[in-house]
Amino acid sequence: MSKITSLADLKKKREELKSGLDIRVKAIDPESVVQVKVAMATCGIASGAKTVMEFFLEQLERRNIPAVVTQTGCMGYCYAEPTIEVKLPGEEPVVFGFVDLKRADQIIEKYIKTGELVDGIIPVNYQSIDFKE
Amino acid sequence: MSKYSMHLLVCGGTGCHASESDAIVCNLRDELEAKGLVDSVQVILTGCFGFCEKGPIVKVMPDNTFYVQVKPEDAQEIVDEHVIKGRKVTRLLYKDPVSKESISDSKHMGFFKKQLRIVLRNCGFINPENIDEYIARDGYQALGKVLSEMSPEEVIKVIKDSGQRGRGGGGFSTGLKWELARKSVSDEKYVVCNADEGDPGAFMDRSVLEGDPHSVLEAMAICGYSIGASSGLIYIRAEYPLAIERLKIAINQAREYGLLGNSIFGTGFNFDITLRYGAGAFVCGEETALIHSMEGLRGEPTVKPPFPAESGYRNKPTNVNNVETFAAIPAIILKGSKWFSSIGTEKSKGTKVFALAGKINNVGLIEVPMGTTLREVIFEIGGGIRGGKKFKGVQTGGPSGGCLTEKHLDTPIDFDNLIAAGSMMGSGAMIVLDEDDCMVSMAKFFLEFTVEESCGKCAPCRIGNKRLHELLGQITEGKGTLEDLDRLKNMSLVIKDTSLCGLGQTSPNPVLSMLENFREEYVAHVTSKKCPAGQCKSLMEYVINAENCVGCTACARVCPVNAITGERKEAHLINAATCIKCGACMEKCKFDAIFIR
Chain A
984 MSKITSLADL KKKREELKSG LDIRVKAIDP ESVVQVKVAM ATCGIASGAK
1034 TVMEFFLEQL ERRNIPAVVT QTGCMGYCYA EPTIEVKLPG EEPVVFGFVD
1084 LKRADQIIEK YIKTGELVDG IIPVNYQSID FKE
Chain B
37 MSKYSMHLLV CGGTGCHASE SDAIVCNLRD ELEAKGLVDS VQVILTGCFG
87 FCEKGPIVKV MPDNTFYVQV KPEDAQEIVD EHVIKGRKVT RLLYKDPVSK
137 ESISDSKHMG FFKKQLRIVL RNCGFINPEN IDEYIARDGY QALGKVLSEM
187 SPEEVIKVIK DSGQRGRGGG GFSTGLKWEL ARKSVSDEKY VVCNADEGDP
237 GAFMDRSVLE GDPHSVLEAM AICGYSIGAS SGLIYIRAEY PLAIERLKIA
287 INQAREYGLL GNSIFGTGFN FDITLRYGAG AFVCGEETAL IHSMEGLRGE
337 PTVKPPFPAE SGYRNKPTNV NNVETFAAIP AIILKGSKWF SSIGTEKSKG
387 TKVFALAGKI NNVGLIEVPM GTTLREVIFE IGGGIRGGKK FKGVQTGGPS
437 GGCLTEKHLD TPIDFDNLIA AGSMMGSGAM IVLDEDDCMV SMAKFFLEFT
487 VEESCGKCAP CRIGNKRLHE LLGQITEGKG TLEDLDRLKN MSLVIKDTSL
537 CGLGQTSPNP VLSMLENFRE EYVAHVTSKK CPAGQCKSLM EYVINAENCV
587 GCTACARVCP VNAITGERKE AHLINAATCI KCGACMEKCK FDAIFIR
């Protein structure tokens, strides 16, 4: 381990290390950040959801967008895997299908950054019951 | 750069540790390994989450799912269901004791809603064995700021303005203490952290050291800079092996980064910390006794003055603060005195950590702003009394404090209010009592502790407490008189006035407060020879209700001393003189014919 020799040094180190805790820090108020859920059931993984998820994790951080990326179970759109759900703060969630890396890039650049919709949206065709606490 | 998409936080405090949290961590890692998920899911052993009642805890981030009472064999299900399929494992979720509903998100649990975590800010959030996680949470920034941008006087001013009072129990102004140590002139000074936590029911300091050791190290270095000391000592009881282990790791990591040692941050300021082990004596929490113990002498207190700030460890100026006091310092430096003094009551600023124990649903570690009421702590955060019983009292401040009752429930908790109510803040242990607790026996229990822990140096404490204890014993056996109640009170007052140190000066507090608040119970013991709570064995009488008794002889057969007589199919009788009150007959009776009178 190299020594920390000044306050500036420590600050630099903190910035490097901060992302390691992002998941936990952002979880405290998930409503304030972009939430990306990647469907990671067998079908999703088989059609490349893992690569897509890694792409989101890496790119959102590189492009400095505060976000939580999680995996979830099968969303039911097996025909359109990989599928992801994106929820911008204060907006209704939007589901995208057939997400390859190119589309993932579009989603970040257009939908997440500017709110502009891109191809591949799957209309929500079901409602889930909600257990109120 | 981390690519983890999920963190599994496993509680590694002493309680959960004892309930196999290590095995849970191992199994989770094995399971993730087997499923090829080690690169995307990280397992972290943290410090105490505070919710010890339901440990071991596994918290899944980022969705805040809070699993309770997890067993090592549950690891597979958590990985298969939650991690892979995104479905919560319902059977492991916390159930609200009142509504019986499962609550998955810790933010919605009554236990966490009213809390404000300053001292515990990192407990249960970071891996205490990894300095990088502490740094990522602004760790050592306060030390850096102090060393590069502030003069020692400025630091002391911030701490003074913040209004922080020492959390060791005395409630002395931290800033003032530092100022006195700074003003003492000497070639060498010491910073001491008092981690000798010995009251029955207290585990705040241990949890902070186990969950966030660096916050204490950082604060000690800040204190060293302010008062002009270059050595820090942590006096910790050897009974806290996990806290010691984590402190050692933390000190080594801080040294490797140069955050302890010579010329910290290149400023020429030197500071290092070593550990001193205590043998676990209550009196060694008193600062003069603590210092003697560190010097290798008997852990006996001496008269103050001289105060340690003038002549302490090795007769050099020494500043002694408690773990909890230190742990808040980095936050005060970074967020400022105004922020800290905006929290709490007029004369008690900031938050207080309490260890909730006794007959309460949510036994655990909590931190609330000063001024929170006892009712909020016991009934909202603590989830009320266990088993639907009735609340009777709460012993605050450990054995040195007092027992408060129903009428004090809406008292906002702070240093002065507790003293006005006849108790004290003490270290922050809160033992909740219900209708089944006998107040004479409880006072006797606390006295038993102080009698054992008295160092014996001064007569009032050594002899007085012993006599108090004997007197209480007589009352529980039905041999007390009304005059004895006056003797209890007088003796208590004399012990308080004449003892040498805090131990003796506070030891009669439970007796005095219980005598005051539950006088009718004491009177019942001495006049009608009855224990209203049904706890004092000598005052109980097992009786058979002839109407219910069918003469099945089950009770007579189980009685170990043949105290029960009677013909078959006729009502039986218990001979009170031979009965040893073991209760075996009552357990055996199927007809509810036996009761306690």
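Residue numbers (my numbering), protein chains in the order written: chain A, 984 to 1116; chain B, 37 to 633.
Backbone N, C-alpha and C fix where the C-beta goes; we use that ideal spot for every residue, glycine too.
How is Tyr1062(A) classed by DSSP in three states: helix, strand or coil? It is helical.
Supposed close pair Gly199(B), Phe208(B) - CB separation, criterion 8 Å: Actually they are not in contact, since the Cβ atoms of Gly199(B) and Phe208(B) sit about 12 Å apart, beyond 8 Å.
Among all the DSSP beta bridges, which residues are the ones paired with Glu1068(A)? Note: Glu1068(A) sits in a beta bridge opposite Lys1020(A), Val1078(A).
Would you mind stating whether Ile368(B) and Asn398(B) have Cβ atoms separated by less than 8 Å? No; because the gap between Cβ atoms is not below 8 Å, this pair is not in contact.
Mind pulling the chain B residues with CB within less than 9 Å of Val1052(A)? Under the 9 Å cutoff, chain B gives Ser41, Pro98.
If we call anything under 8 Å between Cβ atoms a contact, is Leu311(B) one with Leu253(B)? Cβ distance not < 8 Å, so Leu311(B) and Leu253(B) don't count as in contact.
Would you report the Cα separation of Ala569(B) and Ser329(B), rounded to the nearest angstrom? Here the alpha carbon of Ala569(B) sits roughly 42 Å from the alpha carbon of Ser329(B).
Please name the residues in the region 359-384 of chain B whose beta-carbon is closer than 8 Å to at least one beta-carbon of chain A, in chain order. From the region 359-384 of chain B, no residue has a Cβ closer than 8 Å to chain A.
Going along the chain, which unbroken runs of the alpha helix (DSSP H) with 4 or more residues stay wholly within the region 227-304 of chain B? With a minimum length of 4 residues, the unbroken runs of alpha helix (DSSP H) contained wholly in the region 227-304 of chain B fall at 240-247, 249-263, 277-292.
Looking only at its own chain, which residues have a Cβ that is under 7 Å from the Cβ of Thr50(B), when we skip the five neighbours before and after it? The beta carbon of Thr50(B) sits closer than 7 Å to the beta carbons of Arg242, Glu246, Leu278 from its chain, once the five residues preceding and following it are set aside; these are given in chain order.
Can you check whether the C-beta of Arg997(A) is within less than 8 Å of a C-beta belonging to chain B? Residue contact check for Arg997(A) against chain B: a CB pair falls below 8 Å.
Spell out whether any CB of chain B is found under 8 Å from the CB atom of Ile1006(A). Cβ-Cβ to chain B under 8 Å: yes for Ile1006(A).
Under 8 Å, Cβ to Cβ, is there at least one residue of chain A near Phe390(B)? With 8 Å as the cut-off, Phe390(B) does not count as an interface residue toward chain A.
Based on the DSSP secondary-structure assignment, which residues constitute the bridge partners of Met466(B)? Under DSSP, Met466(B) forms a beta bridge with Leu392(B), Thr432(B).
Less than 8 Å between the CB atoms is what I'm expecting for Gly205(B) and Gly433(B), so what's the real figure, rounded? Contact flag correct, Cβ pair sits at about 7 Å.
Tell me, please, which residues DSSP counts as bridged to Ala1050(A). Paired residues: Val1017(A).
Can you give the beta carbon distance from Lys502(B) to Leu536(B), rounded, assuming they're within the 8 Å contact cut? A Cβ-Cβ separation of about 16 Å leaves Lys502(B) out of contact with Leu536(B) under the 8 Å criterion.
Per-residue DSSP class, three states only, for Ile449(B): Correct three-state label for Ile449(B): coil.
Should Asp628(B) go down as buried or exposed, given a rule of 16 or more other Cβ atoms within 10 Å for buried? By the C-beta density criterion, Asp628(B) is exposed, having fewer than 16 other C-beta atoms within 10 angstroms.
Do Met550(B) and Cys621(B) count as a contact pair if the criterion is CB distance below 8 Å? It is not a contact, given that the beta carbons lie outside the stated cut-off.
Leaving aside the five residues before and after Thr408(B) along the sequence, list all residues of the same chain whose C-beta is less than 8 Å from its C-beta, in chain order. Only Lys150, Pro448, Ile449 meet the Cβ criterion.
Residues of chain C with CB closer than 8 Å to the CB of Ile987(A), please, in chain order. Among the protein chains in the structure shown, which are A and B, there is no chain C.
On a CA-only basis, which of Pro1072(A), Gly1073(A), Gln1089(A) is nearest Gly1080(A)? Give me that one, please. Gly1080(A) has its Cα closest to that of Gln1089(A), out of Pro1072(A), Gly1073(A), Gln1089(A).
Give the single residue among Gln289(B), Asp232(B), Arg633(B) whose Cα lies nearest to the Cα of Ile270(B). For the set Gln289(B), Asp232(B), Arg633(B), the Cα lying nearest the Cα of Ile270(B) is the one of Asp232(B).
Per-residue contacts from Ala1010(A) into chain B (C-beta, under 8 Å): Close partners of Ala1010(A) in chain B (Cβ separation under 8 Å): Met97, Pro98, Asp99, Asn100.
Please go through the region 302-351 of chain B and give each complete beta strand (DSSP E) segment of 3 or more residues, from N-terminal end onward. Taking only runs of at least 3 residues, the beta strand (DSSP E) segments lying wholly in the region 302-351 of chain B are 305-314.
Can you pull the chain B neighbours of Thr1055(A), defined as C-beta to C-beta under 7 Å? Contact of Thr1055(A) with chain B by beta-carbon distance below 7 Å involves Gly122.
Does any residue of chain B bring its CB to less than 8 Å from the CB of Leu993(A)? The C-beta of Leu993(A) comes closer than 8 Å to at least one C-beta of chain B.
Under the three-state reduction of DSSP, which class applies to Met97(B): helix, strand or coil? Met97(B): strand per DSSP, three-state reduction.
Using DSSP bridges, identify the partner residues of Glu403(B). Per DSSP, Val389(B).
For Thr324(B), which residues in the same chain have their Cβ closer than 6 Å to its Cβ, ignoring the five residues on either side in sequence? Pro337, Thr338.
Within 8 Å of any Cβ in chain A, is that where the Cβ of Met37(B) sits? With a pLDDT of 37 at Met37(B), under the threshold of 50, the modelled position of that residue is not reliable, and the figure given next carries that caveat. Chain A, which has a Cβ nearer than 8 Å to the Cβ of Met37(B), makes this yes.
Is Ile171(B) close to chain A, meaning its C-beta is less than 8 Å from at least one C-beta of that chain? Yes - at least one Cβ of chain A is within 8 Å of the one on Ile171(B).
According to DSSP, is Met42(B) helix, strand or coil? Of the three classes helix, strand and coil, the one that applies to Met42(B) here is strand, per DSSP.
Note down the Cα distance separating Ala290(B) from Asp75(B), rounded to an integer number of angstroms. Spanning the two alpha carbons is a distance of roughly 28 Å.
Could you check which residue in Ile396(B), Lys107(B), Val119(B) has the C-alpha nearest to that of Leu1055(A)? Note that residue 1055(A) corresponds to Thr in the displayed sequence, not to Leu. Taking only the C-alpha atoms, the option nearest Thr1055(A) is Val119(B).
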